[in-house]
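Right, one structure below, let's go through it.
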């Protein structure tokens with residue numbers, strides 16, 4: 012990382028002191044969460060599905076969905092569960108116009124995913140918003156997270172390899188079948204992915220329907236292997252997002 016970047020960050024931290032991503036309490040350094048909220052940040056349990064990171068104990072270390080062969084990625088992983096303070100921070104990041112949270116959340120992902128990413132070769136590709144949703148939100152949370160992650164870990168990133176071709180409804184409140192239908196055919200990938208390894212990056216893996224469709228598009232365009240990395244992973248009984 013260039014030396015000027017450290018100096019710039021130091022000046023920014025003086026002018027805009029870092030605050031807790033979940034409650035805005037001012038922090039002594041860029042640690043992401045205050046002491047109280049940090050107690051609510053739950054790491055992904057060591058016992059989880061080895062293909063999709065679904066928390067829980069499963070026979071053969073595979074959840075029912077992965078046993079049925081419905082998962083097109085090589086492996087998905089997240090450092091945290093989608094609960095408590097982290098869930099609040101992600102909610103604020105995405106839906107409360109808090110694009111500034113991309114830095115602490117991206118740095119948190121970089122710090123906690125460094126080891127796993129070493130076994131996930133390939134170009135980082137953010138899971139994109141549709142153009143209409145981007146205009147409404149004015150930023151793409153996955154793209155911002157991926158940019159911070161790529162910079163911190165010096166990984167190649169390409170946000171042009173995957174596009175969302177159709178605006179879709181939010182997945183909240185939809186059944187599993189409705190989620191699959193909602194995102195069917197919603198992505199297209201560049202032929203530049205042919206023969207390449209890709210790491211698809213997003214904020215949360217919930218039902219997995221959106222990520223599965225995006226991975227299918229990447230594989231259809233010729234990607235050799237696709238991994239999925241998110242900041243948080245929801246339990247099946249708590250899924251409420253994409």
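Numbering (the numbering used here), first residue to last: 12 to 253.
Positions of the beta carbon are idealized from the N, C-alpha and C atoms, including for glycine.
Each residue's CA atom was taken as its position, placing residue 143 and residue 232 some 24 Å apart.
With fewer than 16 other CB atoms across the displayed protein chains lying within 10 angstroms of its CB, residue 177 is exposed. Between residue 224 and residue 207 a beta carbon distance of about 19 Å is seen, past the 8 Å cut, so the two are scored as non-contacting. Residue state for residue 127 is assigned as helix, using DSSP reduced to three classes.
According to DSSP, residue 137 shares a beta bridge with 212. Residue 96 holds the alpha-carbon nearest to the alpha-carbon of residue 48 among 104, 30, 197, 96. Between the alpha carbons of residue 239 and residue 119 lies a distance of about 17 Å. Residue 105 counts as buried, since at least 16 other C-beta atoms from the protein chains shown sit within 10 angstroms of its C-beta.
Going by C-alpha positions, residue 145 is about 17 Å away from residue 136.
Here residue 73 is actually not in contact with residue 244; their C-beta atoms are around 15 Å apart, not less than 8 Å.
Boundaries for residue 202: no alpha helix (DSSP H) harbours it, and the DSSP string shows neither H nor E there. The straight-line gap separating the alpha-carbon atoms of residue 210 and residue 38 is approximately 32 Å.
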